[in-house]
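Numbering (my numbering), first residue to last: 2 to 136. Just so you know, even glycine gets a beta-carbon here, dropped at the ideal spot from N, CA and C. See structure below.
In structure tokens form, the structure reads like this:
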């Protein structure tokens with residue numbers, strides 16, 4: 002099921018980028034919770050398709066990361082914004098922190114932020130997210 006979902010999302014992204022002629026790798030990806038888990042998988046498996054990736058209140062699911070790209074040069078071009086609530090009762094903060102270790106090991110550029118919130122996006126998180134996508 003998960004692989005089928007990933008494939009469908011990836012196909013949709015490719016259709017849209019081809020339709021609008023977005024060939025200069027300026028496609029951004031953003032996901033919250035389960036959407037963030039998929040964002041990790043899609044971006045790390047297909048680093049040449051994305052530029053900036055935001056993953057909020059989630060973690061890198063090991064099962065979905067089995068086929069991470071081995072191309073360090075492509076992985077190094079990705080830019081990640083990772084955020085997590087310190088009071089998240091759905092996905093523990095420690096799980097979210099694992100992303101920093103993974104991205105560091107892969108050589109990806111990332112920003113990891115913790116916010117005084119639960120499983121959600123507060124105003125400060127939203128403002129930081131918008132700033133990330135601006136630059």
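- Exclusion of the five residues before and after residue 56 leaves 32, 37, 40, 41, 81, 83 and 100 as the residues of its chain whose Cβ lies within less than 7 angstroms of its Cβ.
- In summary, residue 43 is buried, with 16 or more beta-carbon neighbours lying within 10 Å of its beta-carbon over all protein chains present.
- Between the C-alpha atoms of residue 19 and residue 12 there is a straight-line separation of about 11 angstroms.
- Under DSSP, no beta-bridge partner is assigned to residue 133.
- Secondary structure note for residue 36: its alpha helix (DSSP H) is the uninterrupted segment 35 to 46.
- Nearest to residue 6 by alpha-carbon distance, out of 65, 61 and 52, is 65.
- Burial is judged here by how many other beta carbons sit within 10 angstroms of a residue's own beta carbon; residue 68 has fewer than 16 and is exposed.
- The Cβ atoms of residue 79 and residue 109 lie closer than 7 angstroms to each other.
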